[in-house]
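> Protein sequence lines, in the order shown, are assigned to chains L and U. When you line the first sequence up against the working numbering, it's residues 1 to 335, in that order. When you line the second sequence up against the working numbering, it's residues 1 to 335, in that order.
Number of protein chains: 2
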Amino acid sequence: MVINHDFYMSLALKEAWTKQGLTYPNPAVGALICNKEGKILAIEATQRAGQAHAELQACISAFVQMGDTTIASLHDANAQHAYLLNNHHHKFEGCSLYVTLEPCHHQGRTPACSMLIEKLGFSKLICGTLDPNQQATGGINALRESGIDIETGILQEECETLLTPFRKWQNNTPFIFFKLALFANGVYDGGLITSKESRTYVHALRNNIDLLVIGGETVRVDRPTLDSRLVGGKAPDILIFSHEKEFDQTIPLFAVPGRKVFIEDNLDRIKSYRFVMIEGTQKMLEATQTLVDWYCIFYAPTIQTGKTIQFNKDLKRIQLLENKHDIIAWFQKAQ
Amino acid sequence: MVINHDFYMSLALKEAWTKQGLTYPNPAVGALICNKEGKILAIEATQRAGQAHAELQACISAFVQMGDTTIASLHDANAQHAYLLNNHHHKFEGCSLYVTLEPCHHQGRTPACSMLIEKLGFSKLICGTLDPNQQATGGINALRESGIDIETGILQEECETLLTPFRKWQNNTPFIFFKLALFANGVYDGGLITSKESRTYVHALRNNIDLLVIGGETVRVDRPTLDSRLVGGKAPDILIFSHEKEFDQTIPLFAVPGRKVFIEDNLDRIKSYRFVMIEGTQKMLEATQTLVDWYCIFYAPTIQTGKTIQFNKDLKRIQLLENKHDIIAWFQKAQ
Numbered sequence: 001m002v003i004n005h006d007f008y009m010s011l012a013l014k015e016a017w018t019k020q021g022l023t024y025p026n027p028a029v030g031a032l033i034c035n036k037e038g039k040i041l042a043i044e045a046t047q048r049a050g051q052a053h054a055e056l057q058a059c060i061s062a063f064v065q066m067g068d069t070t071i072a073s074l075h076d077a078n079a080q081h082a083y084l085l086n087n088h089h090h091k092f093e094g095c096s097l098y099v100t101l102e103p104c105h106h107q108g109r110t111p112a113c114s115m116l117i118e119k120l121g122f123s124k125l126i127c128g129t130l131d132p133n134q135q136a137t138g139g140i141n142a143l144r145e146s147g148i149d150i151e152t153g154i155l156q157e158e159c160e161t162l163l164t165p166f167r168k169w170q171n172n173t174p175f176i177f178f179k180l181a182l183f184a185n186g187v188y189d190g191g192l193i194t195s196k197e198s199r200t201y202v203h204a205l206r207n208n209i210d211l212l213v214i215g216g217e218t219v220r221v222d223r224p225t226l227d228s229r230l231v232g233g234k235a236p237d238i239l240i241f242s243h244e245k246e247f248d249q250t251i252p253l254f255a256v257p258g259r260k261v262f263i264e265d266n267l268d269r270i271k272s273y274r275f276v277m278i279e280g281t282q283k284m285l286e287a288t289q290t291l292v293d294w295y296c297i298f299y300a301p302t303i304q305t306g307k308t309i310q311f312n313k314d315l316k317r318i319q320l321l322e323n324k325h326d327i328i329a330w331f332q333k334a335q
Numbered sequence: 001m002v003i004n005h006d007f008y009m010s011l012a013l014k015e016a017w018t019k020q021g022l023t024y025p026n027p028a029v030g031a032l033i034c035n036k037e038g039k040i041l042a043i044e045a046t047q048r049a050g051q052a053h054a055e056l057q058a059c060i061s062a063f064v065q066m067g068d069t070t071i072a073s074l075h076d077a078n079a080q081h082a083y084l085l086n087n088h089h090h091k092f093e094g095c096s097l098y099v100t101l102e103p104c105h106h107q108g109r110t111p112a113c114s115m116l117i118e119k120l121g122f123s124k125l126i127c128g129t130l131d132p133n134q135q136a137t138g139g140i141n142a143l144r145e146s147g148i149d150i151e152t153g154i155l156q157e158e159c160e161t162l163l164t165p166f167r168k169w170q171n172n173t174p175f176i177f178f179k180l181a182l183f184a185n186g187v188y189d190g191g192l193i194t195s196k197e198s199r200t201y202v203h204a205l206r207n208n209i210d211l212l213v214i215g216g217e218t219v220r221v222d223r224p225t226l227d228s229r230l231v232g233g234k235a236p237d238i239l240i241f242s243h244e245k246e247f248d249q250t251i252p253l254f255a256v257p258g259r260k261v262f263i264e265d266n267l268d269r270i271k272s273y274r275f276v277m278i279e280g281t282q283k284m285l286e287a288t289q290t291l292v293d294w295y296c297i298f299y300a301p302t303i304q305t306g307k308t309i310q311f312n313k314d315l316k317r318i319q320l321l322e323n324k325h326d327i328i329a330w331f332q333k334a335q
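1) Please decide whether Thr-288 of chain L counts as near chain U, where near means a Cβ-Cβ distance under 9 Å.
2) Grouping DSSP H, G and I as helix and E and B as strand, with all else coil, what is Glu-244 of chain U?
3) Going straight from the alpha carbon of Gln-156 of chain U to that of Thr-250 of chain L, what length do you get?
4) When DSSP labels each residue in this structure, what does Cys-296 of chain U get in the three-state scheme?
5) Cβ closer than 7 Å: which chain U residues qualify as neighbours of Ile-297 of chain L?
6) Is there at least one Cβ from chain U nearer than 9 Å to Val-29 of chain L's Cβ?
7) Bridge partners of Asp-314 of chain U, per DSSP?
8) Give every residue of the same chain whose Cβ lies closer than 6 Å to the Cβ of Tyr-98 of chain L, excluding the five residues on either side of it in the sequence, and list them in chain order.
9) Less than 9 Å separating the beta-carbons of Phe-298 of chain L and Ala-181 of chain L?
10) Alpha carbon to alpha carbon, what distance is there between Ile-209 of chain L and His-203 of chain L?
11) So, at 7 Å on beta carbons, what are the nonlocal neighbours of Lys-307 of chain L in its own chain, with the 5 sequence-adjacent residues on each side left out?
12) Are Cys-34 of chain U and Lys-124 of chain L close, meaning C-beta to C-beta below 9 Å?
13) Compare the C-alpha of Lys-324 of chain L against each of U:Lys-324, U:Asn-323 and U:Arg-317 and name the closest.
14) Which residues in the same chain as Pro-174 of chain U place their Cβ atom closer than 6 Å to its Cβ, once the five residues preceding and following it in sequence are excluded?
15) Given that a residue counts as buried once 16 or more other Cβ atoms are within 10 Å of its Cβ, and exposed if not, what is Ser-73 of chain L?
16) My output table needs one value for Leu-116 of chain L: the three-state DSSP class, helix, strand or coil.
17) Provide the residue(s) that pair with Ile-328 of chain U in DSSP beta bridges, ordered along the chain.
18) CB-CB under 6 Å to Ala-62 of chain L, same chain, minus the five flanking residues each way: which ones, in chain order?
19) Buried or exposed, going by whether 16 or more other CB atoms sit within 10 Å of the CB of Ala-334 of chain U?
20) Using 9 Å as the limit for Cβ to Cβ distance, is Glu-37 of chain L near chain U?
21) Once DSSP output is grouped into helix, strand and coil, what is the label at Leu-226 of chain L?
22) If we count the other Cβ atoms within 10 Å of its Cβ and call it buried at 16 or more, is Phe-177 of chain U buried or exposed?
23) Pull up the CB-CB distance for Leu-162 of chain U and Ala-28 of chain U, whole angstroms please, since I reckon it's below 8 Å.
24) First and last residue of the beta strand (DSSP E) that includes Val-276 of chain U?
25) Within the continuous alpha helix (DSSP H) that includes Ser-198 of chain L, where are the two ends?
26) Of all the options U:His-53, U:Lys-313, U:Thr-23 and U:Thr-194, which has the alpha carbon lying nearest to the alpha carbon of Gln-332 of chain U?
27) On the criterion of 16 or more Cβ atoms from any shown chain inside 10 Å, does Asp-76 of chain L qualify as buried, or is it exposed?
28) Where does Thr-308 of chain L sit, in a helix, a strand or coil, going by DSSP?
29) Using CA atoms only, rank isn't needed, just tell me which of L:Gln-57, L:Thr-137 and L:Ala-52 is closest to Arg-109 of chain L.
30) When the Cα of Gly-185 of chain L is compared with those of U:Arg-167, U:Thr-281, U:Lys-119 and U:Gln-80, which residue comes out closest?
31) Quick one: Cα of Gln-65 of chain U to Cα of Asp-149 of chain L, how far?
32) Looking at the C-beta of His-271 of chain L, does it have a partner C-beta in chain U at a distance below 9 Å?
33) Nearest-angstrom Cα distance between His-89 of chain U and Leu-285 of chain U?
34) Answer yes if the region 230-239 of chain L comes into contact with the region 250-265 of chain L, meaning at least three C-beta pairs across the two stretches below 8 Å, and no otherwise.
35) Is there a Cβ from chain U that is less than 9 Å from the Cβ of Phe-331 of chain L?
36) Rounded to a whole number of angstroms, what is the C-alpha to C-alpha distance between Glu-102 of chain U and Pro-25 of chain U?
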């Protein structure tokens with residue numbers, strides 16, 4: 001294996017993908033820090049909105065790795081940022097920062113990463129792609145002027161793909177993904193398919209999306225709640241895609257407070273939301289195929305008899321993740 | 001992500017798995033070298049039998065990384081070994097070597113890795129598991145006596161699993177794996193499923209196995225050659241599992257020179273081989289389920305209508321790999 005910029009960037013990329021869908025409305029970003037001798041000190045990703053960006057999170061981990069554990073007890077991004085600025089003692093001088101996206105250059109809910117990188121004294125910045133966010137861009141130019149050695153365009157295509165949801169949100173168009181859970185042989189029925197770890201991730205996704213689309217048959221048969229209780233989060237609005245309007249109102253999803261539930265025979269409602277997850281199988285795949293940006297397929301390690309999907313669609317795999325039990329594969333439509 | 005011994009060992013492990021099945025009769029082994037400052041210099045795996053072991057291959061890559069490109073032009077393991085011993089100039093002093101398996105301690109077709117590690121002056125050796133091969137073991141003890149700092153048992157379970165085929169070969173029992181190629185929704189028919197890169201890997205596997213088991217129906221319908229032409233390798237013996245004895249002798253597999261073809265209604269023949277691949281789908285899965293050690297499932301990024309497997313089996317995923325097009329997931333039976 002060749003140990004080069006691509007290698008380090010791919011580690012940052014994979015870490016970013018573990019938080020894909022969980023950073024809304026911020027982009028999923030990954031960062032890796034090497035010290036001046038080239039040792040990896042940290043590989044981190046952007047956390048939930050309002051928490052640390054990937055660059056800050058990586059600086060925190062690197063600082064702990066360097067022996068300062070005080071910072072690990074701080075949980076507010078502003079406090080973490082301030083602590084680093086006051087206590088770095090030039091320990092980051094000579095360090096290289098790999099980041100999938102150009103560091104932000106504006107004070108939002110957290111301070112600008114570009115300022116942090118400059119003040120901490122990083123020597124080298126290696127970027128995947130530039131920030132499409134007009135408000136946040138400019139980090140590269142500012143850092144170049146401050147004398148930091150900068151390379152851009154490392155694994156640019158992959159780093160761009162990672163940003164697909166963010167670009168859509170920035171353009172005020174909905175980002176729509178389809179979640180499908182399968183046994184190893186493609187069977188989709190027969191009770192719980194994926195592990196609690198995977199279902200917890202799905203709940204974390206539900207805690208970020210603003211609309212969940214589901215088929216009427218699934219609602220009738222499974223009587224789901226469709227909340228994010230495994231992460232103690234919020235429940236998204238629900239669009240039940242159905243030609244029948246009458247549903248048993250004792251189905252738990254109707255009792256979740258603070259959500260809207262729509263029962264409609266078309267999918268136009270999606271246009272008025274920005275981050276949309278579709279859960280379903282055969283019928284929903286067919287009904288939504290012109291709308292969907294990405295497919296997220298979970299594969300459980302069990303071969304089981306049951307129903308399978310009969311459908312035709314060429315996909316392109318854009319990332320492959322795993323947890324202890326399941327495979328999580330992300331696809332976009334083939335070009 | 002925590003950057004620790006497990007992190008480095010997992011990189012060595014994944015690299016070893018890219019050569020799983022291609023090192024017969026040697027074990028699949030991965031190695032990673034960090035310099036004294038902790039920078040990763042090389043991540044490599046054991047090559048084909050008679051070629052470099054993982055440790056040697058990693059030393060070669062590290063040496064190139066350090067600026068000596070002469071060694072890259074040598075292709076014989078003995079010559080590579082000798083070159084390193086004569087030209088290392090103490091460049092490996094202070095380096096750490098992560099290796100999934102205890103380094104071999106005997107002169108086989110290639111010189112002992114333990115001697116190389118000692119002579120090159122490595123400071124630290126981090127091992128996954130100990131060598132079950134009575135002939136090759138002793139590397140750890142010898143290196144400990146020479147004063148190298150040694151840690152063992154890092155990701156031991158995963159490193160043991162990696163060795164499953166080798167342990168079977170050492171015990172003179174067959175290692176048997178089932179190769180299954182599926183579309184993303186589990187469909188297995190409808191022409192070529194996987195990419196040329198995946199098929200090249202399957203040919204490399206065929207170049208290593210000594211018996212390929214296949215169903216009679218597949219032979220009749222697909223009229224396969226079942227050789228390893230994509231890697232210019234040898235063709236394995238074939239066991240056609242079939243209740244019917246008569247096959248059209250113009251089917252290409254019968255014309256491949258130097259192979260035996262058996263047509264039998266039972267699978268007893270497998271016992272007299274050591275490295276066996278089964279290619280098939282539903283019927284072969286059913287017929288071989290008590291025999292199979294591992295399943296290797298390829299998933300192509302296409303959803304397509306067609307036949308799917310109806311079968312019940314709990315599996316445990318032991319490794320997840322990918323190439324540009326396909327997912328390659330290895331499973332063992334669930335415990």
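Backbone N, C-alpha and C fix where the C-beta goes; we use that ideal spot for every residue, glycine too.
Put simply:
1) The residue labelled residue 288 of chain L in the question sits at position 288 within the first sequence. Not closer than 9 Å to any Cβ of chain U, the Cβ of Thr-288 of chain L fails to qualify, so no.
2) Taking the first residue of the second sequence as position 1, residue 244 of chain U is located at position 244. DSSP places Glu-244 of chain U in coil when its eight states are reduced to three.
3) In the second sequence, the residue the question calls residue 156 of chain U occupies position 156. In the first sequence, the residue the question calls residue 250 of chain L occupies position 250. So the two alpha carbons sit approximately 51 Å from each other.
4) The count along the second sequence starts at 1 and reaches residue 296 of chain U at position 296. Strand at Cys-296 of chain U.
5) Walking along the first sequence from the start, residue 297 of chain L turns up at place 297. Result: Ala-184.
6) Numbered from 1 along the first sequence, position 29 holds the residue referred to as residue 29 of chain L. No, because no Cβ of chain U sits closer than 9 Å to the Cβ of Val-29 of chain L.
7) For this step, residue 314 of chain U is matched to residue 314 along the second sequence. For Asp-314 of chain U, which the question treats as bridged, DSSP gives the partners L:Thr-302.
8) Counting from 1 along the first sequence, the entry for residue 98 of chain L is found at position 98. Correct list, in chain order: Tyr-8, Met-9, Ala-12, Leu-32 and Ile-126.
9) Translated into the one-based positions of the first sequence, residue 298 of chain L becomes position 298. Translated into the one-based positions of the first sequence, residue 181 of chain L becomes position 181. For Phe-298 of chain L and Ala-181 of chain L, yes; Cβs fall inside 9 Å.
10) Locating residue 203 of chain L in the first sequence gives position 203, counting from the first residue. Locating residue 209 of chain L in the first sequence gives position 209, counting from the first residue. Going by the C-alpha atoms only, they are around 10 Å apart.
11) Taking the first sequence and counting its residues from 1, one reaches residue 307 of chain L at position 307. Hits under 7 Å: Val-187, Tyr-188 and Asp-189.
12) On the second sequence, residue 34 of chain U is found 34 positions in, with the first residue counted as 1. On the first sequence, residue 124 of chain L is found 124 positions in, with the first residue counted as 1. Contact: no.
13) The residue labelled residue 324 of chain L in the question sits at position 324 within the first sequence. Among U:Lys-324, U:Asn-323 and U:Arg-317, the Cα nearest to that of Lys-324 of chain L belongs to U:Arg-317.
14) Walking along the second sequence from the start, residue 174 of chain U turns up at place 174. Only Ile-270, Tyr-273, Arg-274 and Val-276 meet the Cβ criterion.
15) Start at 1 with the first residue of the first sequence, and residue 73 of chain L comes out as number 73. Per the 10 Å Cβ criterion, exposed.
16) In the first sequence, residue 116 of chain L corresponds to position 116, counting from 1. Looking at Leu-116 of chain L - three-state DSSP - the assignment turns out to be helix.
17) In the second sequence, the residue the question calls residue 328 of chain U occupies position 328. Answer is U:Phe-298 and U:Leu-321, bridged to Ile-328 of chain U.
18) Position 62 of the first sequence, counting from 1, holds the residue named residue 62 of chain L. Ile-33, Leu-41 and Ala-42, listed in sequence order.
19) The sequence position of residue 334 of chain U within the second sequence is 334, counting from 1. With fewer than 16 Cβ atoms within 10 Å of its Cβ, Ala-334 of chain U is classed as exposed.
20) Along the first sequence, one-based indexing puts residue 37 of chain L at 37. At least one chain U Cβ lies under 9 Å of Glu-37 of chain L.
21) Residue 226 of chain L sits at position 226 when you count from the first residue of the first sequence. Reduced to three states, the DSSP call for Leu-226 of chain L is coil.
22) The count along the second sequence starts at 1 and reaches residue 177 of chain U at position 177. So Phe-177 of chain U counts as buried.
23) The sequence position of residue 162 of chain U within the second sequence is 162, counting from 1. The sequence position of residue 28 of chain U within the second sequence is 28, counting from 1. 6 Å between Cβ atoms; contact.
24) Looking up residue 276 of chain U in the second sequence gives position 276. Counting along the chain, the beta strand (DSSP E) containing Val-276 of chain U begins and ends at 275-279.
25) Locating residue 198 of chain L in the first sequence gives position 198, where the first residue counts as 1. Looking at the DSSP string, the run of the alpha helix (DSSP H) that includes Ser-198 of chain L is 196-206.
26) Your numbering for residue 332 of chain U matches position 332 in the second sequence. Ranking the options by Cα distance to Gln-332 of chain U, first place goes to U:Lys-313.
27) In the first sequence, residue 76 of chain L corresponds to position 76, counting from 1. Asp-76 of chain L is exposed by the Cβ-count criterion.
28) Your numbering for residue 308 of chain L matches position 308 in the first sequence. It is a strand residue.
29) Along the first sequence, read from residue 1 onward, the residue named residue 109 of chain L stands at position 109. When only C-alpha atoms are compared, the closest one is L:Ala-52.
30) For the purposes of this step, residue 185 of chain L is identified with residue 185 of the first sequence, where counting begins at 1. The sequence shown places Asn at residue 185 of chain L, not Gly. Nearest C-alpha to Asn-185 of chain L: U:Thr-281.
31) Working through the second sequence from its first residue, we reach residue 65 of chain U at position 65. Working through the first sequence from its first residue, we reach residue 149 of chain L at position 149. Cα to Cα, Gln-65 of chain U sits roughly 22 Å from Asp-149 of chain L.
32) Along the first sequence, one-based indexing puts residue 271 of chain L at 271. In the sequence on display, residue 271 of chain L carries Lys and not His. Chain U, which has no Cβ nearer than 9 Å to the Cβ of Lys-271 of chain L, makes this no.
33) Your numbering for residue 89 of chain U matches position 89 in the second sequence. Your numbering for residue 285 of chain U matches position 285 in the second sequence. Rounded to the nearest angstrom, the two C-alpha atoms are 55 Å apart.
34) yes
35) Counted from its first residue, the first sequence places residue 331 of chain L at position 331. By this cut-off, Phe-331 of chain L is an interface position.
36) In the second sequence, the residue the question calls residue 102 of chain U occupies position 102. In the second sequence, the residue the question calls residue 25 of chain U occupies position 25. Computed Cα separation, rounded: 17 Å.
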